[in-house]
Structures are given as C-alpha cells and as structure tokens.
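What follows is one structure encoded as structure tokens, with my remarks underneath.
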Amino acid sequence: MMTTPMRVTEEIAPEPDRPLPDAASFRDPSGFVFRHGGAVYRQVNRFYEAAYRQLMDGGLYGALVEDGLLVDHEEVPFPEGAGEAAYCVIRPRQLPFISYPYEWSFSALKQAALLTLDVQKRALEFGMTLKDASAYNVQFEGCRPVFIDTLSFDQYEPGEAWVAYGQFCRHFLAPLALMAHRDIRLGKLLALHLDGVALDLASSLLPARTRLKPGLLAHLHLHAGMVRRYSDTTDTGRPASKKSVSKQGLTALIENLRSTVAGLNWRPAGTEWADYYENNSYDEGAFDEKQRTVLGYLEELKPGVVWDLGANTGVFSRLATRTGARTYSFDIDPACVERGFRECSAAGERLMLPLLMDLTNPTPALGWAHRERMSLAERGPCDVALALALIHHLSISNNVPLGRVAQYLSGLCRHLIIEWVPKQDVQVQRLLRSRRDVFEDYTQDVFEAEFQRCFRILDRRPIGDMGRVAYLLESARSLDEAV
Amino acid sequence: MRSLAYIDPGTGAIILQAVLAGIMTVGIFFRQTLPSTLRRLFGRERRDPVVTHDDDPDAGH
Numbered sequence: 001m002m003t004t005p006m007r008v009t010e011e012i013a014p015e016p017d018r019p020l021p022d023a024a025s026f027r028d029p030s031g032f033v034f035r036h037g038g039a040v041y042r043q044v045n046r047f048y049e050a051a052y053r054q055l056m057d058g059g060l061y062g063a064l065v066e067d068g069l070l071v072d073h074e075e076v077p078f079p080e081g082a083g084e085a086a087y088c089v090i091r092p093r094q095l096p097f098i099s100y101p102y103e104w105s106f107s108a109l110k111q112a113a114l115l116t117l118d119v120q121k122r123a124l125e126f127g128m129t130l131k132d133a134s135a136y137n138v139q140f141e142g143c144r145p146v147f148i149d150t151l152s153f154d155q156y157e158p159g160e161a162w163v164a165y166g167q168f169c170r171h172f173l174a175p176l177a178l179m180a181h182r183d184i185r186l187g188k189l190l191a192l193h194l195d196g197v198a199l200d201l202a203s204s205l206l207p208a209r210t211r212l213k214p215g216l217l218a219h220l221h222l223h224a225g226m227v228r229r230y231s232d233t234t235d236t237g238r239p240a241s242k243k244s245v246s247k248q249g250l251t252a253l254i255e256n257l258r259s260t261v262a263g264l265n266w267r268p269a270g271t272e273w274a275d276y277y278e279n280n281s282y283d284e285g286a287f288d289e290k291q292r293t294v295l296g297y298l299e300e301l302k303p304g305v306v307w308d309l310g311a312n313t314g315v316f317s318r319l320a321t322r323t324g325a326r327t328y329s330f331d332i333d334p335a336c337v338e339r340g341f342r343e344c345s346a347a348g349e350r351l352m353l354p355l356l357m358d359l360t361n362p363t364p365a366l367g368w369a370h371r372e373r374m375s376l377a378e379r380g381p382c383d384v385a386l387a388l389a390l391i392h393h394l395s396i397s398n399n400v401p402l403g404r405v406a407q408y409l410s411g412l413c414r415h416l417i418i419e420w421v422p423k424q425d426v427q428v429q430r431l432l433r434s435r436r437d438v439f440e441d442y443t444q445d446v447f448e449a450e451f452q453r454c455f456r457i458l459d460r461r462p463i464g465d466m467g468r469v470a471y472l473l474e475s476a477r478s479l480d481e482a483v
Numbered sequence: 484m485r486s487l488a489y490i491d492p493g494t495g496a497i498i499l500q501a502v503l504a505g506i507m508t509v510g511i512f513f514r515q516t517l518p519s520t521l522r523r524l525f526g527r528e529r530r531d532p533v534v535t536h537d538d539d540p541d542a543g544h
C-alpha cells in the first residue's frame, strides 16, 4: 500500500541504492511499495508474474483503467540493486495525500465498498479475482474512489470461493452497518481494528431488527456465527474445500453483497455544526470580506496542497480549489463531513476531499511498529493550512494554550491562514456561557507573541468590525523538524 | 495454477459462501431458468417474442 514516508524506511540498515519496502508494505509476497526521489513505485515480484501478465494482457487492466476504477501505471526500468525476486517495477499515477477509512465519511466508505465490489465483478468477467478486499486498497482523488493495489488480482479458478469475502465484510459491511443502524461515530472503530471490525463485535452491537434484513442477516450475523463456530484453534482437521462455489453463485453473491451495501444509508441531521453557516455570527458583508481576504492570500501563495482545519462543510475549501489546490477539508463533525462529501461527489469534484478529524486528538500513527498508517502530521507538511474560526475551539473548548496551538500548527504546514476570534465574539461567549472564564491569556497580544515564536507574520487584516482578524503566517520550522 | 492468496479466508466464511451461493443459484433457477424452460417446453407461441425474463410478469410466480 502507498503509505509511509522515506524517513521511516531509512531507519532500516540500508543496503546502498536497494529499493526498500515501504513500512506498510510487507504482507503480500506479490511485491511491495517503495519510494524513490519523492515518488511511489511498486516492485512486482516473480511470484506474481503470471497473475500480473494476465492482468495486463488479458484485458482487465485496460477495462478497469478505462472505467476509472483502477489507478493507472507505467512500467519503469529497474532501479539499481533490485533483487532476484523482482519481475518488474511500476510507477502508479501519484496521489498527493493518503487518507484512511477511519477518516472517511459514511458515503465515502460506502463508495469505496461499492468500488471494491465493482472491481471484483469486472475481475471475475476476465477470469481473475481479488485476493484481498482491504479498505486500504482504496484512495480518493477528489471525491472519486480509485483502487490502488495493482497486485491484488489473482487468477480465478472455477469453483473457488472468494478468499477476501470475510475481509470485505469486516472492512466495509460491518462498519457501514454499524454507522447506519447504530451510531455514526462507530466508524471510528476502524482505527482500533485495522483489519476490519470483527463480525461478532458488529453483530452484538447492531440492533436486533437488522436480523430481519436478509443481506445483513446472511453476510453479517450468520457470517459472525460461522466464524465463531469454525474458529476452534485446537481443530487440526482438513480445511474446508475452496472448490465449492459455482461462478454463477459467486457472481450472485457479489451482486447480493452489493445491493446490501447499497441499501445502507445514513442521513446527517440535527448535529451541532451542519447548520453553522445558516446561523453564525457573521453578517453577510463580513463573511464576503473574509472570503475575499482568504482567496487573496491563496492566490498569492498558489499552493499545491491545502488542508482546511475545522472546515465545516467546506465553504473555504471550495475557495482553495478555485486556485487549483488539492484541498483536504477536515472537520470533527460526521454530519458536516458527510454533507461536504455528498456535495463534492454530486459536483464531480476532482480537487477536494472532506475528511473526519478531531484536531484535539488527531489521527495517530497506527499498525505494526506504529509504521503502517501515518499520523496526520506525518502526512504533512501541507503548503497552506487554513484555520478559520478554529482557534477558540482549540484554546477555549479544549483548554490548549495558544503557544501549543502555534507549535502544533507550525509542524503541519508551510503557510498558515488563521483567523483570530476575540473573547468578546458571540461564538466565544457561547463557549464561555456555562463555564468559568479561566482564559486570561486568550488575548490578541498573547496570540501574536506566541505565534511569532513559530511563524513569521506576513500580513494581518481585520474581518468585519467585531475584532476578528485574518493572519497570513509563514512557518519558521524547517521541513526536517516536522512533528 | 497455485493460488497467490496470502490472507486467511476463514473456514466459516468459505462454508457460508458455499451455502449462500447455493441458495442464490437455486433462487436464480426458480426466478429465471425454470420459467423460461417451462415456457419453451409447454408455452404457447407469443405474438411478441422479445419479452425478457425480467419484465415478464409470469416470471417467478
């Protein structure tokens, strides 16, 4: 999988110039991902040669790429030092940012699930099958999902069951069913269970009424029971025959799984921030002024990648896409992220992706040796971060001193566009309504002094006449010091 | 051809697939294959031969 940055692999004692697997790329003997000169490559091993040739020469690769389902690649010359195991090296179309299933909105995870099943359906038509169905095989380009693991395809043998069926249900069906039928926040279970939510856990958390739905009954509840029944580790008898499913039956199973996933829905409503722009503290003039100021800064900086922190449904992220920047729009509220994703998806947005992120507890590094899945900071620094109407949520709701906010943000970005929100602002007063004001240091002077320890102030402009101020800052930290 | 599978498919998941795929194949048989076979064997000739199984109101009933 395309993940982890070069500095991680450098810690392994290197043989000179030999491509070293990315820290997240070790499970599948078919090949591995490595980075060279800032680009991501994939070594295809001889082990995978026959399947790779069938993928490329049998028409499946062409069909999937033409439909936009699979990331395209070019074969490139071997790097020096490629070992005996290497068959060829491919350079896939490069993605500017890796996001993870536990950061996706409900609809994003659902689209990734449907994509995986569509890829499997096409594969069967061409005599191949997916040998894994991990959610980490999917990435988003803008709001469009694309399958990135070119080495996931195996030759299909008539009669064989789908080896990745259990993995698909754990990675996609279980979290989607929990989000749709129990609570949207259960999507975060994927961060605890990197190989997907155990089906017995999902089955016990789901309401009993989900047993009345044939798809969920079969693929989730009965599936959980079967896993439990056959998980006896003392049983050393013969494994179940894999030659037990007709191709027609397998295709019907995939179709049924697809309609089960398609039937899962979640409607974002009644959450805190989804209606923010309909009843916020701005008058329209000040809001226009804020948009003009931010757009002006962005046009000046011409960033390639923008992170909009605390983006709500992404009004300012859309401004960033107008300057051509690939924009990742982070928010803590699943309803905002869902609405943002649906709007982008409907508009065929190719530059913007809304993602779920609690900035008071940002995505940590996860997986084997903390190296498989990157923390938010490890995926940076971005060219420009936006932190608009955010500072009071970090410093007052979450009691983080302004200096620490400055320190963290300076590791995430090269430039920061941040809005100062004074204590007398109606939004801050709302936060202080039910609690004691212990924030003596929450002043514009302290804000400027603390941020100047980590940033250079390039510009400041008042927004409206209520004391809000927009700042354009440049991070003083060198890239090597990224958090 | 040897399989390139590297994850454990799970015995329970394989058996379940065999059962579900069997049920679904039987379902397809009763919904699609059987009615069209019966029609071919015993049915009167239709005036309009382009009716497909899916929009045939008799299919599966």
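Chains as they are written, first to last, in the working numbering: chain W, 1 to 483; chain G, 484 to 544.
For every residue, glycine included, the Cβ atom is placed at its ideal position computed from N, Cα and C.
Item to complete: Please decide whether P492 of chain G counts as near chain W, where near means a Cβ-Cβ distance under 8 Å.
Response: Locating residue 492 of chain G in the second sequence gives position 9, counting from the first residue. Yes, contact with chain W.
Fill in: V227 of chain W vs Q500 of chain G beta-carbon contact at 8 Å
By one-based count along the first sequence, residue 227 of chain W stands at place 227. By one-based count along the second sequence, residue 500 of chain G stands at place 17. Cβ atoms of V227 of chain W and Q500 of chain G: not closer than 8 Å.
Fill in: Nearest to S397 of chain W (by Cα), restricted to the options W:Y442, W:D383, W:Y408, W:L366
Numbered from its first residue, the first sequence carries residue 397 of chain W at position 397. Here the closest residue by C-alpha is W:Y442.
Worksheet item: Which residues in the same chain as I463 of chain W place their Cβ atom closer than 8 Å to its Cβ, once the five residues preceding and following it in sequence are excluded?
Response: As a working mapping, residue 463 of chain W is identified with position 463 in the first sequence. Closer than 8 Å at Cβ, skipping near neighbours: A286, E289, K290, T293, E419, V469, A470.
Discussion item. Under 8 Å, Cβ to Cβ, is there at least one residue of chain G near S246 of chain W?
Written reply: Counting from 1 along the first sequence, the entry for residue 246 of chain W is found at position 246. Taking 8 Å as the threshold, the shortest C-beta distance from S246 of chain W to chain G falls below it.
Fill in: Cβ neighbours of Q407 of chain W in the same chain (closer than 6 Å, five flanking residues each side left out)
Residue numbering aside, residue 407 of chain W sits at position 407 when the first sequence is read from its first letter. Closer than 6 Å at Cβ, skipping near neighbours: C454.
Discussion item. Taking the straight line between their C-alpha atoms, what separation do you get for Y297 of chain W and G314 of chain W?
Written reply: The residue given as residue 297 of chain W occupies position 297 in the first sequence. The residue given as residue 314 of chain W occupies position 314 in the first sequence. Rounded to the nearest angstrom, the two C-alpha atoms are 17 Å apart.
Discussion item. Distance check for R91 of chain W and A23 of chain W, CA to CA, integer angstroms please.
Written reply: Here residue 23 of chain W corresponds to residue number 23 of the first sequence, with the count starting at 1. Here residue 91 of chain W corresponds to residue number 91 of the first sequence, with the count starting at 1. The alpha-carbon of A23 of chain W is positioned some 18 Å away from that of R91 of chain W.
Worksheet entry | Supposed close pair V306 of chain W, V384 of chain W - CB separation, criterion 8 Å | As a first step, residue 306 of chain W must be located in the first sequence, where it is residue number 306. As a first step, residue 384 of chain W must be located in the first sequence, where it is residue number 384. Between V306 of chain W and V384 of chain W a beta carbon distance of about 5 Å is seen, short of the 8 Å cut, so the two are scored as contacting.
Practice prompt. Spatial neighbours of M179 of chain W within its chain, please: CB distance less than 7 Å, with the 5 preceding and 5 following residues excluded, ordered by chain position.
Written response: Taking the first residue of the first sequence as position 1, residue 179 of chain W is located at position 179. Counting only residues of its own chain and dropping the five nearest sequence neighbours on each side, M179 of chain W has a CB closer than 7 Å to the CB of F106, L186, G187, W266.
Worksheet item: In whole angstroms, what separates the C-alpha of E75 of chain W from that of S486 of chain G?
Response: Numbered from its first residue, the first sequence carries residue 75 of chain W at position 75. Numbered from its first residue, the second sequence carries residue 486 of chain G at position 3. Near 24 Å, if we compare the C-alpha coordinates of S486 of chain G and E75 of chain W.
Item to complete: Determine the extent of the alpha helix (DSSP H) in which V76 of chain W is found, giving its start and end residues.
Response: Your numbering for residue 76 of chain W matches position 76 in the first sequence. Looking at the DSSP string, V76 of chain W is not in any alpha helix (DSSP H); the run it does join, the beta strand (DSSP E), is 73-76.
Worksheet item: Thinking just about the alpha-carbon of each residue, which of G:V509, G:Y489, G:I498, G:P518 is nearest to the one in G249 of chain W?
Response: As a working mapping, residue 249 of chain W is identified with position 249 in the first sequence. With distances taken between Cα atoms, G249 of chain W lies closest to G:V509.
Discussion item. Which residue marks the beginning of the beta strand (DSSP E) containing P92 of chain W, and which one marks its end?
Written reply: On the first sequence, position 92 is the one that residue 92 of chain W refers to. From DSSP, the beta strand (DSSP E) with P92 of chain W extends over 86-92.
Item to complete: Look at the Cβ atom of L205 of chain W, then the Cβ atom of R229 of chain W, and state whether they are nearer than 8 Å.
Response: By one-based count along the first sequence, residue 205 of chain W stands at place 205. By one-based count along the first sequence, residue 229 of chain W stands at place 229. Not in contact: L205 of chain W and R229 of chain W (Cβ atoms no closer than 8 Å).
Worksheet item: Where does F168 of chain W fall in DSSP's three states?
Response: Sequence index remark: in the first sequence, residue 168 of chain W carries index 168 (1-based). DSSP, read as helix, strand or coil, puts F168 of chain W in helix.
Worksheet item: Where do the N-terminal and C-terminal ends of the alpha helix (DSSP H) with A470 of chain W fall, by residue?
Response: As a working note, residue 470 of chain W is residue 470 in the first sequence. Element bounds for A470 of chain W: not the alpha helix (DSSP H) but the beta strand (DSSP E), 468-475.
Worksheet item: The alpha helix (DSSP H) with Q155 of chain W in it runs from where to where?
Response: Indexing the first sequence from 1 puts residue 155 of chain W at position 155. Q155 of chain W: not part of any alpha helix (DSSP H); member of the beta strand (DSSP E) spanning 153-155, first to last residue.
Discussion item. Against chain G, with Cβ distances strictly below 8 Å, would S259 of chain W count as a contact?
Written reply: As a position in the first sequence, residue 259 of chain W is number 259, starting the count at 1. Output row for S259 of chain W: interface = no.
Discussion item. Would you call the region 126-144 of chain W in contact with the region 168-176 of chain W, where contact means no fewer than 3 C-beta pairs closer than 8 Å?
Written reply: In this structure the region 126-144 of chain W touches the region 168-176 of chain W; the number of beta carbon pairs closer than 8 Å is three or more.
Discussion item. For a test of the three-state rule: what should DSSP assign to W273 of chain W, helix, strand or coil?
Written reply: Your numbering for residue 273 of chain W matches position 273 in the first sequence. Unreliable positioning characterises W273 of chain W in this predicted model, as indicated by a pLDDT of 49, which lies under 50. A coordinate reading is not provided.
Worksheet item: With 16 other CB atoms within 10 Å as the buried threshold, where does G348 of chain W fall?
Response: The count along the first sequence starts at 1 and reaches residue 348 of chain W at position 348. Classification for G348 of chain W: exposed.
Practice prompt. Give a yes or no on whether the minimum CB-CB distance between L517 of chain G and chain W is below 8 Å.
Written response: Here residue 517 of chain G refers to the residue found at position 34 of the second sequence. Not an interface residue.
Practice prompt. Would you kindly work out how many angstroms separate the C-alpha atoms of E125 of chain W and R339 of chain W, rounded to a whole number?
Written response: Taking the first residue of the first sequence as 1, we reach residue 125 of chain W at position 125. Taking the first residue of the first sequence as 1, we reach residue 339 of chain W at position 339. Those two C-alpha atoms are separated by around 35 Å.
Worksheet item: Can you name the residues of chain W whose CB is closer than 7 Å to the CB of L499 of chain G?
Response: As a first step, residue 499 of chain G is located in the second sequence; it is residue number 16 there, counting from the start. Ordered by position in chain W, the residues that pass the 7 Å Cβ test against L499 of chain G are L222, H223, M226.
Worksheet item: Below 8 Å between beta carbons: does that hold for P79 of chain W and H36 of chain W?
Response: By one-based count along the first sequence, residue 79 of chain W stands at place 79. By one-based count along the first sequence, residue 36 of chain W stands at place 36. Against a cut-off of 8 Å, the Cβ pair of H36 of chain W and P79 of chain W comes out as a contact.
Discussion item. Please state the DSSP three-state secondary structure of H36 of chain W.
Written reply: In the first sequence, counting from the first residue as 1, residue 36 of chain W sits at position 36. H36 of chain W falls in the strand class under three-state DSSP.
Item to complete: Note the first and the last residue of the continuous alpha helix (DSSP H) segment covering A347 of chain W.
Response: Indexing the first sequence from 1 puts residue 347 of chain W at position 347. Here A347 of chain W belongs to no alpha helix (DSSP H), and DSSP marks it neither H nor E.
Item to complete: Would you kindly check if the distance between the Cβ of A174 of chain W and the Cβ of L212 of chain W is under 8 Å?
Response: In the first sequence, residue 212 of chain W corresponds to position 212, counting from 1. In the first sequence, residue 174 of chain W corresponds to position 174, counting from 1. Going by beta carbons, L212 of chain W and A174 of chain W fall outside the 8 Å limit.
Fill in: C-beta neighbour in chain G for Q120 of chain W, strict 8 Å
On the first sequence, residue 120 of chain W is found 120 positions in, with the first residue counted as 1. Interface flag for Q120 of chain W against chain G is unset, since no Cβ pair is found closer than 8 Å.
Discussion item. Please confirm whether T520 of chain G has its beta-carbon closer than 8 Å to some beta-carbon of chain W.
Written reply: The count along the second sequence starts at 1 and reaches residue 520 of chain G at position 37. Not an interface residue.
Discussion item. Beta-carbon within less than 7 Å of V163 of chain W's beta-carbon, same chain only, minus the 5 sequence neighbours each way: which residues are those?
Written reply: Your numbering for residue 163 of chain W matches position 163 in the first sequence. Counting only Cβ-Cβ distances below 7 Å, and skipping sequence neighbours, we find K131.
Item to complete: Could you pull the start and end residues of the alpha helix (DSSP H) that Y408 of chain W belongs to?
Response: One-based indexing of the first sequence puts residue 408 of chain W at position 408. Looking at the DSSP string, the run of the alpha helix (DSSP H) that includes Y408 of chain W is 402-412.
Worksheet item: For the putative contact between L355 of chain W and A325 of chain W, defined by C-beta atoms under 8 Å, what is the C-beta separation to the nearest angstrom?
Response: Position 355 of the first sequence holds residue 355 of chain W. Position 325 of the first sequence holds residue 325 of chain W. Actually they are not in contact, since the Cβ atoms of L355 of chain W and A325 of chain W sit about 15 Å apart, beyond 8 Å.
Practice prompt. Reducing DSSP to helix, strand and coil, say where C382 of chain W ends up.
Written response: Reading the first sequence from its first residue, position 382 is the one you call residue 382 of chain W. Strand, per DSSP.
Item to complete: Taking only the alpha-carbon atoms, compute the straight-line gap between I417 of chain W and H193 of chain W and give it to the nearest angstrom.
Response: Counting from 1 along the first sequence, the entry for residue 417 of chain W is found at position 417. Counting from 1 along the first sequence, the entry for residue 193 of chain W is found at position 193. One C-alpha to the other measures close to 35 Å.
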